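One structure below.
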Amino acid sequence: MESISQTLQTKLEMLNWDFNKRCEKHKSYFLFDYNDNLNSRCPVCYCEGMTKNVEQQEAEKALDAERLKKYNTLKKLSILQDETLRAIRFSDYKPTNSEEENNKNEAIDFFNRYRNGEIFNLWIQGLNTGVGKSHLGMSILEELNESDAKDRSCLFIDIARMLELIHDSFDNKESHYTQAYFTDLLGKVDFLVLDDLGAETGDIDSKKKASEYTSKVLRSVMNSRQDKATIITTNLPSAKLKQMYDGKVMSRMMRGVKSIVFKESIDKRPSEVGF
Ligand SMILES: [Zn+2]
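Read left to right, the sequence shown gives residues 238 to 512 (our numbering).
The following block contains the structure:
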């Protein structure tokens, strides 16, 4: 029986070496391609190249998976009170007066500034409900999510619903909607909408303060988002908000802030009973 070294020797002799060319790096003669005797190359360089290609493909696959995870964040992890907001775009926003028209255009401008890499917090405020504050907030997220390389992570969170879920998790050990889950998730996404700030305290005309617990959750989220963009919608004026929430939360939320304000618009959601 042939020894391994004999076999190797035979195989090596069968290879078609190009003794006119030599790789100085690997101290090896070139080898002709298996199928032709025209092209030759250093076999070690060739193997290294193959390995590099495989590594590159693996890295690209990992990158694609990471990108897809970010892209899916908005759809999979958002917490909505109102399901009609899902996947809603600027094109679905039909202004019924000039203020709404202007505010829609402003929202599109802000979307473009975010898209170009600017970081700032944006408030969308209006005393009346149903004028489309959440709609504009969601539209900015949807457009960012669908733009360019689709590698931005966006998240829409209804604050009252989130707090309910956290509260439920105190007694329900099966629930993964813990405070830690939300503060981690909300802290790391690139773009976040916090929807309907103030609604979680109930009656907005009372002198009620937000609970210490609510402030604590918001403070922890805003602490992690100092270099990220947060969009906050609310029915409340800033004076009222400052009275309700602790100073640190408000100063984080109000830092470098831009705003879209609805002063005139009234509820434009269709009423089933006609009034
Ligand atoms: Zn070589």
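For every residue, glycine included, the Cβ atom is placed at its ideal position computed from N, Cα and C. Treat the numbers as computed from the prediction; the structure is a model and nothing was measured.
- Taken through DSSP and simplified to helix, strand or coil, Cys-391 comes out as strand.
- For Lys-495, the enclosing beta strand (DSSP E) begins and ends at 494 to 499.
- In the displayed model, Ala-466 falls within a strand according to three-state DSSP.
- Each of Phe-267, Thr-321, Glu-343 and Cys-282 was checked against the Cα of Ile-497, and the nearest Cα belongs to Glu-343.
- Contact between Val-454 and Ile-403 holds: their C-beta atoms lie close to 7 Å from each other, under 8 Å.
- The beta-bridge partner set that DSSP reports for Gly-484 is empty.
- Sequence-distant partners of Phe-347 (beyond 5 residues in either direction) whose C-beta falls short of 7 Å from its own C-beta, in its chain, are Leu-359, Ile-377 and Lys-495.
- Looking from the CA of Arg-492, the closest CA among Ile-356, Asn-257 and Thr-438 belongs to Ile-356.
- Closer than 7 Å to some heavy atom of ligand 1: that describes the Cβ of Lys-262.
- Taken through DSSP and simplified to helix, strand or coil, Asp-255 comes out as strand.
- Following the DSSP letters along the chain, one finds Tyr-266 inside the beta strand (DSSP E) bounded by residues 265 to 269.
- Contact check for Ile-325 and His-372: beta-carbon distance about 6 Å, within the 8 Å limit, so the pair qualifies.
- Selection Asp-405, Glu-337, Pro-332 and Ser-384 evaluated against Arg-350 yields Ser-384 as nearest (Cα-Cα).
- Using a cutoff of 7 Å, the CB of Cys-282 counts as near ligand 1, since one of the ligand's heavy atoms is closer than that.
- By the Cβ criterion, the region 456 to 463 is in contact with the region 413 to 423, since at least three pairs of Cβ atoms, one from each stretch, lie closer than 8 Å.
- The beta carbons of Glu-336 and Lys-500 sit about 7 Å from each other, so the pair counts as a contact at 8 Å.
- Using a Cβ distance threshold of 8 Å, Leu-381 and Glu-437 do not count as a contacting pair.
- The three-state secondary structure of Ser-315, taken from DSSP, is coil.
- A heavy atom of ligand 1 is found nearer than 7 Å to the CB of Ser-265.
- Closest in alpha carbon position to Leu-305, among Pro-332, Lys-387 and Gly-374, is Lys-387.
- Taking 8 Å as the cut-off, the Cβ atoms of Leu-268 and Asn-257 do not count as close.
- No Cβ-Cβ contact shorter than 8 Å links Val-430 with Thr-471.
- Taking the C-beta atoms as reference points, Leu-311 is found nearer than 8 Å to Leu-392.
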